[in-house]
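Residue numbers (UniProt numbering), protein chains in the order written: chain A, 1 to 436; chain B, 1 to 436.
Just so you know, even glycine gets a beta-carbon here, dropped at the ideal spot from N, CA and C.
A quick note: this is a predicted structure, and the numbers were derived from the prediction, not measured.
Written out below as structure tokens is the structure these notes cover.
Number of protein chains: 2
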Amino acid sequence: MPPAPLLRSGKSNRTTDSPISYFIKKAIETPGLISFAAGLVDEGSLPVDDVRVAAAEILADPLTGRAALQYGSTQGLPELREQVLQLVCTADGVKPADVNLTAADVCITTGSQQLLYLLGEVLFDPGDIVITEAPSYFVFHSLLVSHGTKVLTVPMDAAGMRVDELEALLERLRRSGDLARVRGIYTVDYFQNPTGLTLAVERRKRLVELARRFSTDHRIIVLEDAAYRELRFTGGDLPSVKRFDTTNEFVVYTGTFSKPCAPGLKTGYAILPPDLMAPILHLKGSHDFGSANLSQHIAARLIASGAYARHAEELRAVYRHKRDVMLNALGAEFADFPAASWTVPDGGFYVWLTLDGIDTGPNGPLVPAALEAGVLYVPGEFGHVPDESGSSPSNECRLCFGVATTEQVTEGIRRLRKACAAVSASKGAKKVPAGV
Amino acid sequence: MPPAPLLRSGKSNRTTDSPISYFIKKAIETPGLISFAAGLVDEGSLPVDDVRVAAAEILADPLTGRAALQYGSTQGLPELREQVLQLVCTADGVKPADVNLTAADVCITTGSQQLLYLLGEVLFDPGDIVITEAPSYFVFHSLLVSHGTKVLTVPMDAAGMRVDELEALLERLRRSGDLARVRGIYTVDYFQNPTGLTLAVERRKRLVELARRFSTDHRIIVLEDAAYRELRFTGGDLPSVKRFDTTNEFVVYTGTFSKPCAPGLKTGYAILPPDLMAPILHLKGSHDFGSANLSQHIAARLIASGAYARHAEELRAVYRHKRDVMLNALGAEFADFPAASWTVPDGGFYVWLTLDGIDTGPNGPLVPAALEAGVLYVPGEFGHVPDESGSSPSNECRLCFGVATTEQVTEGIRRLRKACAAVSASKGAKKVPAGV
């Protein structure tokens with residue numbers, strides 16, 4: 001007898017598999033494949049020794065060992081929250097009091113992803129509107145679909161989100177009466193996933209001004225996802241959007257130890273307006289009443305010993321080199337391919353490749369050609385929200401140089417070029433010259 | 001200018017602070033207070049050395065160290081999922097294939113709490129019905145309130161949930177047409193939080209039969225919360241409810257390493273019917289795409305080395321002794337107090353104390369009297385769902401002997417007796433003889 005059907009919730013029915021699951025599965029199943037798809041970190045530079053020393057020190061002393069192995073609090077380890085506050089404020093060149101913050105405004109989460117989810121759960125009802133950059137982080141888009149949220153987008157240029165376009169959009173929404181449904185504006189403002197682009201400093205300030213100005217009847221929260229901030233390898237650090245929210249009212253800042261330290265700790269953090277903290281903690285209490293405490297103790301010890309800062313510095317050199325290898329490879333392989341252009345990130349680990357005239361989408365010809373050639377990328381389409389006609393730009397690729405070795409980066413770009421050539425040749429190479 | 005108001009989601013508005021936050025805050029603020037309130041584990045027996053050795057071994061080798069510090073998968077470490085399957089099936093005296101299970105049916109979560117939340121998110125829409133024991137785990141009740149679920153309860157006796165009463169309730173719901181809204185039945189079936197009671201074996205089998213029989217139009221899922229199973233110190237282990245779900249259709253089994261190993265790892269697990277696994281993983285992908293990987297590698301190593309089993313055995317002796325100390329203290333202090341009765345748990349760390357004629361509720365006289373005497377308990381009321389008139393049984397206390405030392409347990413019970421005496425005296429000691 002077949003089992004009686006399982007009835008699932010509205011939310012569950014809205015929640016689908018991650019669009020890149022297929023790609024990750026392919027990467028695992030295909031031996032010798034070079035993957036630029038998964039946003040993993042560089043394997044060789046993971047701080048195995050630093051974590052070994054930190055864990056050994058914590059667990060050598062019964063007092064600190066027991067503290068790390070007992071339950072922690074829902075909000076997170078006070079020592080780590082204080083350290084996070086200092087790290088972010090130091091990077092922003094302010095004292096916490098200058099921007100109206102204390103460690104009570106910091107929450108530790110299971111990676112910064114958990115904060116993205118919790119914030120959505122606290123703020124968004126089905127039918128509410130959230131504004132993101134186009135393109136944006138596709139996992140966040142999936143999460144918004146789970147919450148039943150409507151996504152509107154703002155285009156980007158080399159200086160990140162076009163805040164003039166944001167202003168125009170907010171004005172249009174005000175006129176149409178839909179401003180009442182706008183709950184949040186999401187930006188990945190440092191070396192964005194997926195484009196690698198960074199929001200210019202004057203736009204950061206302007207973003208807070210817009211949130212304030214359009215928060216007439218209710219507050220519009222800016223969610224600043226600073227996951228890659230510490231991985232800057234060119235130019236000086238920029239102040240956060242949060243830096244300009246000096247009353248701690250409009251901006252939620254999220255960061256993580258996954259990128260500049262170790263994903264295996266799965267420890268992220270957020271700085272929140274005080275009236276958002278309690279609702280977030282109430283829900284987090286139902287989710288897990290606190291993220292892994294041992295991980296938090298390890299992160300706190302790494303920061304206190306200086307190992308964290310030293311390691312982040314080393315990582316910057318690692319990723320700068322890998323970026324340069326990827327840019328050099330792109331320059332060399334695609335020199336005779338005028339349809340190709342790409343971003344030059346100042347940090348993080350994503351290059352955004354545009355291939356005019358080639359359909360890079362999941363159902364287009366480049367994906368199988370790339371697999372055939374032995375390389376994998378994330379179709380740029382996944383970062384876009386389809387327009388009213390259901391279509392998205394489909395000639396872009398996210399290339400992650402995080403996890404591949406430098407040899408693989410060079411070889412992977414060569415293979416991608418070969419795949420482009422195959423696709424161009426098969427369509428008669430009208431728009432795109434054949435190569436390799 | 002005051003900030004524009006924050007509009008929160010329906011779910012956020014339904015989600016309140018944990019009822020025991022006030023009690024935890026009190027415990028922290030009051031020096032010298034002995035707390036039987038928090039469900040923490042024994043501090044002195046935390047496996048600091050075992051975890052130190054496991055972490056050192058993992059991180060001494062760059063290969064295993066990097067694997068532990070990189071991202072894991074959403075479903076969790078394959079090795080640990082296989083170990084969990086073997087542990088549960090061995091405890092149940094079956095081979096995985098006998099009960100239609102493989103490691104693909106196991107998911108690793110951020111404590112078992114996260115699974116409780118995720119399952120609720122997947123199954124329950126506002127207005128759906130979930131059936132729990134009365135009393136039940138108050139954090140689960142809070143979570144159901146978040147999800148907007150209606151809670152119906154079934155009384156317990158010394159053999160756990162009254163499955164005859166469950167059957168009668170399901171029949172009534174069928175007749176009233178409400179069976180269509182019943183989505184789940186929740187049981188903490190080993191040394192229940194909060195009563196310490198265990199579900200008898202014949203009732204376990206019957207529970208699965210009832211779920212199957214009443215799953216005519218849609219499936220009713222039994223959520224078996226086995227968080228305390230490994231902490232049995234009297235009698236032999238009982239097969240799980242899951243053991244009787246030989247087709248893997250009706251029962252979700254959750255367990256945790258927090259209780260028998262270390263809460264600081266925040267690692268739990270679940271065994272799920274296959275058509276529930278995908279929806280759970282899709283949502284977990286949005287929550288965090290995988291729990292802390294380092295913790296999972298540590299748990300797997302502790303199991304593989306035998307340290308986990310050895311430590312759980314040691315813990316059983318620790319908690320048996322602490323339970324005996326609490327029972328002896330209760331017997332000695334409350335011998336002249338016929339209004340008091342209590343459960344005798346075979347495992348876990350809760351004793352359920354009933355004080356006829358004394359209001360133990362959060363607004364009753366015993367809470368301040370106990371605080372005055374220097375002891376804290378959880379009012380039993382928190383474990384109950386108010387009936388139609390809004391009232392709950394309010395003469396019960398949950399006493400946790402998990403975290404207090406044996407000296408504190410003895411002294412704490414003495415203080416509780418003193419508080420009872422003070423309350424009885426102030427009400428004229430009509431029903432209850434004064435003491436101490």
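The beta carbon of PRO345 of chain A is closer than 6 Å to those of PHE191 and GLY196 in its chain, skipping five residues each way along the sequence.
Listed by position along chain A, the residues whose Cβ is nearer than 7 Å to that of GLY111 of chain B are ASP288. Under the 10 Å beta carbon count, GLY255 of chain B is surrounded by 16 or more other beta carbons and is classified as buried. Taking 8 Å as the CB threshold, THR405 of chain A stays off the interface with chain B. In the three-state DSSP reduction, ALA37 of chain B falls in the coil class, being neither helix nor strand.
If the five residues before and after TYR308 of chain A are omitted, its C-beta is found closer than 7 Å to the C-beta atoms of CYS261 and LEU302, all from its own chain and listed in chain order. One alpha carbon belongs to ILE271 of chain A, the other to HIS287 of chain A, and they sit about 19 Å apart.
For the stretch 282-362 of chain A, the full-length beta strand (DSSP E) segments reaching 3 residues or more read 340-342 and 350-355 along the chain.
Residues of the stretch 90-118 of chain A with a Cβ closer than 7 Å to any Cβ of chain B, in chain order: THR110, GLY111, GLN113, GLN114 and TYR117. Against chain B, the CB of GLU249 of chain A has a partner CB under 8 Å away; the residue lies at that interface. Within chain B, SER9 have C-beta atoms less than 9 Å from the C-beta of PHE124 of chain A, given in sequence order. If the five residues before and after LEU80 of chain A are omitted, its C-beta is found closer than 7 Å to the C-beta atoms of ILE108, GLN296, ALA299 and ALA300, all from its own chain and listed in chain order. Less than 8 Å separates the beta-carbon of VAL99 of chain B from that of ARG243 of chain B. The beta carbon of TYR71 of chain A falls within 8 Å of a beta carbon belonging to chain B, placing the residue at that interface.
Around the beta carbon of ILE28 of chain B, fewer than 16 other beta carbons sit within 10 angstroms, so the residue counts as exposed. Taking a C-beta distance under 8 Å as the contact criterion, PRO194 of chain A and TYR350 of chain A qualify as a contact pair. With contacts defined as CB atoms closer than 8 Å, VAL208 of chain A and ASP157 of chain A fail to qualify as a contacting pair. At a cut-off of 8 Å between beta-carbon atoms, HIS141 of chain A makes no contact with chain B. DSSP, reduced to helix, strand and coil, places ARG398 of chain B within a strand of the structure shown. Secondary structure at ILE220 of chain A: coil, using DSSP grouped into helix, strand and coil.
Given a length threshold of 3 residues, each whole run of the beta strand (DSSP E) inside the stretch 53-125 of chain A is given here in chain order: 106-110. CA-CA distance, HIS321 of chain B to LEU143 of chain A, rounds to 48 Å. Residues of the stretch 215-247 of chain A whose Cβ lies closer than 9 Å to any Cβ of chain B, in chain order: SER215, THR216, ASP217, HIS218, ARG219, ILE220, ILE221 and THR247.
Using a Cβ-Cβ cut-off of 8 Å, LEU294 of chain B counts as an interface residue toward chain A, since at least one Cβ of chain A sits closer than that to its own. Interface criterion met: the Cβ of SER146 of chain A is under 8 Å from a Cβ in chain B.
Between PRO78 of chain A and CYS89 of chain A, the C-beta gap is not smaller than 8 Å, which leaves the two residues out of contact. Counting the other CB atoms within 10 Å of its CB gives ALA419 of chain A a total of 16 or more, which places it among the buried residues. If you look at PRO155 of chain A, you'll find it in the beta strand (DSSP E) that goes 150-157. When the alpha-carbon of ASN395 of chain B is set against those of B:GLN114, B:PRO31, B:ASN363 and B:ASN248, the nearest one is in B:ASN363. For the stretch 11-31 of chain A, the set of positions with a beta-carbon nearer than 7 Å to some beta-carbon of chain B reads LYS11, SER12, THR15, THR16, ASP17 and SER18 in chain order. In terms of CA proximity to GLY236 of chain A, A:VAL201 leads the group A:GLN70, A:ILE185, A:VAL201 and A:SER112.
Note: ALA270 of chain B is bridge-paired with B:CYS107 and B:THR254 in the DSSP secondary-structure output. Shown here, GLY44 of chain A sits in coil according to DSSP, grouped into three states, outside any helix or strand. The beta carbon of ALA404 of chain A is closer than 8 Å to those of ILE34, SER35, PHE36, LYS322 and GLY412 in its chain, skipping five residues each way along the sequence.
Secondary structure note for ALA168 of chain B: its alpha helix (DSSP H) is the uninterrupted segment 163-176. Here THR247 of chain A has ASN100 as same chain residues with Cβ atoms under 8 Å from its own Cβ, once five neighbours each way along the sequence are excluded.
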